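*Asks:*
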Ligand SMILES: Nc1ncnc2c1ncn2[C@@H]1O[C@H](COP(=O)(O)OP(=O)(O)OP(=O)(O)O)[C@@H](O)[C@H]1O
Ligand SMILES: [Mg+2]
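Residue numbers (this note's numbering): 15 to 408.
(1) Under 8 Å by Cβ, that's how I've got residue 249 and residue 300 pegged, so tell me the actual separation to the nearest angstrom.
(2) Below 8 Å between beta carbons: does that hold for residue 118 and residue 132?
(3) Check whether the Cβ of residue 189 sits closer than 7 Å to any heavy atom of ligand 1, and report yes or no.
(4) Less than 7 Å separating the Cβ of residue 235 from some heavy atom of ligand 2?
(5) Under DSSP, the beta strand (DSSP E) around residue 357 begins and ends at which residues?
(6) For residue 240, which residues of its own chain have a beta-carbon under 7 Å away from its beta-carbon, when the five flanking residues on both sides are left out?
(7) Taking buried to mean at least 16 other C-beta atoms within 10 Å of its own C-beta, is residue 245 buried or exposed?
(8) Under DSSP, the beta strand (DSSP E) around residue 271 begins and ends at which residues?
(9) Run the proximity test for residue 385: is its beta-carbon closer than 7 Å to any non-hydrogen atom belonging to ligand 1?
(10) Could you check if residue 205 belongs to the surroundings of ligand 4, using beta carbon to heavy atom distance under 7 Å?
(11) Do residue 329 and ligand 2 come close, with the Cβ less than 7 Å from some heavy atom?
(12) Relative to ligand 2, is the shortest distance from any of its heavy atoms to the C-beta of residue 292 smaller than 7 Å?
(13) Near residue 121, what residues of its chain come up, given a Cβ to Cβ distance below 6 Å and the 5 sequence neighbours on each side ignored?
(14) Leaving aside the five residues before and after residue 320 along the sequence, list all residues of the same chain whose C-beta is less than 8 Å from its C-beta, in chain order.
(15) Taking 7 Å as the cut-off, does the CB of residue 305 come closer than this to any heavy atom belonging to ligand 2?
(16) Between the alpha carbons of residue 297 and residue 64, how many angstroms are there, rounded?
(17) Beta-carbon within less than 6 Å of residue 186's beta-carbon, same chain only, minus the 5 sequence neighbours each way: which residues are those?
(18) Please work out which residues of its chain come closer than 6 Å, Cβ to Cβ, to residue 66, disregarding the five sequence neighbours upstream and downstream, and give them in chain order.
(19) Report the option in 168, 144, 247 whose CA atom is closest to the CA atom of residue 189.
(20) Determine which residues share a DSSP beta bridge with residue 162 and list them.
(21) With a threshold of 6 Å on Cβ separation, who are the neighbours of residue 247 within its own chain once the five nearest residues in sequence on each side are excluded?
(22) Among the residues of its own chain, which have a CB less than 6 Å from the CB of residue 404, if the five just before and after it don't count?
(23) Given 7 Å as the limit, tell me if residue 180 has its C-beta closer than that to any heavy atom belonging to ligand 1.
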């Protein structure tokens with residue numbers, strides 16, 4: 015067909031693509047969706063870009079029916095947000111983490127560490143990436159404040175440390191597109207069996223207060239995110255976290271609150287405990303505390319849960335379900351030094367209904383090849399007469 019022939023002959027050239035991408039760059043400078051990008055992910059961007067690209071192509075070639083190819087969308091994304099070589103990995107569904115150390119790069123793909131060698135020509139290229147990340151987030155990392163914790167435009171969590179604090183430039187990225195699972199996906203990934211799957215669903219329905227414990231990278235946030243997706247849509251959910259990792263796009267009444275480090279002279283620091291406090295005033299039906307980290311927030315969270323917040327979730331670093339109880343006690347008592355251990359235990363037993371403990375199975379090279387829900391520990395509302403927790407492992 016003539017039309018097909020014309021179509022093939024008139025595939026977009028590299029120059030066409032460049033022009034189109036430049037036009038789009040101009041256009042989105044004024045587009046609120048792109049300017050306020052912090053709470054969206056790659057799929058939202060792609061959807062929006064697809065429409066813009068289609069428009070531009072039609073404007074340029076009104077008589078041809080060009081498809082907007084995936085590669086053009088990806089190219090536009092990386093031009094706009096400009097993370098260069100990182101883009102390939104941010105889009106790879108199997109890559110969960112990216113580490114940069116000076117000009118070398120390591121990724122974790124499918125649980126396996128892969129050393130990619132010197133992927134940047136020079137340290138300047140690495141600082142260029144840091145600059146782009148800074149520009150997109152408005153945060154600062156420099157000699158005075160040599161750390162930065164932030165998210166990338168696609169929701170990936172990113173932390174940067176630079177000399178003189180460290181020997182080299184380190185960038186660590188937890189890629190977002192892999193955290194966004196459903197409970198069924200985790201069942202298929204063998205994180206738990208069908209019996210646990212039903213139990214988990216039930217816990218959310220029963221409005222249990224859930225604490226997810228585990229070591230670093232064991233999948234705590236992932237599980238929390240999938241469980242939170244099961245919360246009925248009409249509830250007010252306040253999510254408190256350091257970077258917006260947990261995202262509930264289908265829920266209309268979600269309030270996202272993020273802590274802020276002091277990265278500029280004019281900033282004041284905003285900690286978890288302040289956000290828990292605000293949450294109480296906002297009449298949230300559920301509180302999701304991304305990770306219990308500081309003692310004041312731990313104490314306030316316990317207070318909040320003791321005053322009747324049902325169906326709340328949080329995560330904590332710990333080596334077993336039982337260990338997480340000790341860690342919570344320690345945190346709370348660090349803040350309220352004059353409180354007795356008995357009272358703290360009492361608060362915990364009333365605040366938490368169940369602890370889910372996640373464990374990583376690692377091979378001899380410390381590659382994580384499986385993440386497992388190892389323990390489900392039920393906590394009775396009351397302590398025993400001897401002042402101990404009344405526990406039941408499922
Ligand atoms: N069941 C699973 N199967 C395969 N990969 C998983 C599974 N659960 C989580 N992951 C992957 O493991 C990585 C770490 O997950 P996540 O961020 O949830 O861990 P975490 O325990 O919250 O880590 P951190 O301690 O750093 O906060 C993610 O990239 C995620 O995609
Ligand atoms: Mg986490």
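Each residue gets a CB set at the ideal place from its N, CA and C atoms; glycine is no exception. All figures in this text were calculated on a predicted structure; none of them were measured in a lab.
*Replies:* Well, looking at it:
(1) Position 235 of the chain shown, counted from the first residue, corresponds to residue 249. Position 286 of the chain shown, counted from the first residue, corresponds to residue 300. 6 Å between Cβ atoms; contact.
(2) As a working mapping, residue 118 is identified with position 104 in the chain shown. As a working mapping, residue 132 is identified with position 118 in the chain shown. Contact: yes.
(3) Here the question's residue 189 lines up with position 175 in the chain shown. Indeed, a heavy atom of ligand 1 lies less than 7 Å from the Cβ.
(4) Within the chain shown, the letter at position 221 stands for residue 235. The answer is yes for residue 235.
(5) Translated into the one-based positions of the chain shown, residue 357 becomes position 343. For residue 357, there is no enclosing beta strand (DSSP E); the residue is found in the alpha helix (DSSP H) stretching over 355–365.
(6) Counted from its first residue, the chain shown places residue 240 at position 226. 195, 196, 197, 200, listed in sequence order.
(7) Sequence index remark: in the chain shown, residue 245 carries index 231 (1-based). Flag for residue 245 reads buried.
(8) For the purposes of this step, residue 271 is taken as residue 257 along the chain shown, with counting starting at 1. 268–272 is the span of the beta strand (DSSP E), which, as asked, contains residue 271.
(9) Taking the chain shown and counting its residues from 1, the one referred to as residue 385 is at position 371. Correct: residue 385 has its Cβ closer than 7 Å to ligand 1.
(10) Ligand 4 is not among the ligands present in this structure, which contains only ligand 1 and ligand 2.
(11) By one-based count along the chain shown, residue 329 stands at place 315. It does: the Cβ of residue 329 is within 7 Å (strictly closer) of some heavy atom of ligand 2.
(12) Within the chain shown, residue 292 is the residue found at index 278, counting from 1. Residue 292 Cβ: outside cutoff for every heavy atom of ligand 2.
(13) As a first step, residue 121 must be located in the chain shown, where it is residue number 107. Counting only Cβ-Cβ distances below 6 Å, and skipping sequence neighbours, we find 103, 109, 112, 128.
(14) Counting from one through the chain shown, the residue named residue 320 turns up at place 306. Once the five neighbours on either side are set aside, the close Cβ partners of residue 320 are 361, 364, 365.
(15) For the purposes of this step, residue 305 is taken as the residue at position 291 of the chain shown. Residue 305 Cβ: within cutoff of ligand 2.
(16) Here residue 297 refers to the residue found at position 283 when the chain shown is read from its first residue. Here residue 64 refers to the residue found at position 50 when the chain shown is read from its first residue. A straight-line Cα-Cα distance of about 39 Å links residue 297 and residue 64.
(17) The residue labelled residue 186 in the question sits at position 172 within the chain shown. So the list reads 113, 173, once near-sequence residues are dropped.
(18) Counted from its first residue, the chain shown places residue 66 at position 52. Within the same chain, residue 66 has close Cβ partners 38.
(19) Your numbering for residue 189 matches position 175 in the chain shown. For the residues 168, 144, 247, the minimum Cα distance to residue 189 belongs to 168.
(20) Residue 162 sits at position 148 when you count from the first residue of the chain shown. Paired residues: 174.
(21) The residue given as residue 247 occupies position 233 in the chain shown. 265, listed in sequence order.
(22) What you label residue 404 is simply residue 390 of the chain shown in a count that begins at 1. Only 394, 398 meet the Cβ criterion.
(23) To locate residue 180, count along the chain shown from 1; it is residue 166. No, the beta carbon of residue 180 sits no closer than 7 Å to any heavy atom of ligand 1.
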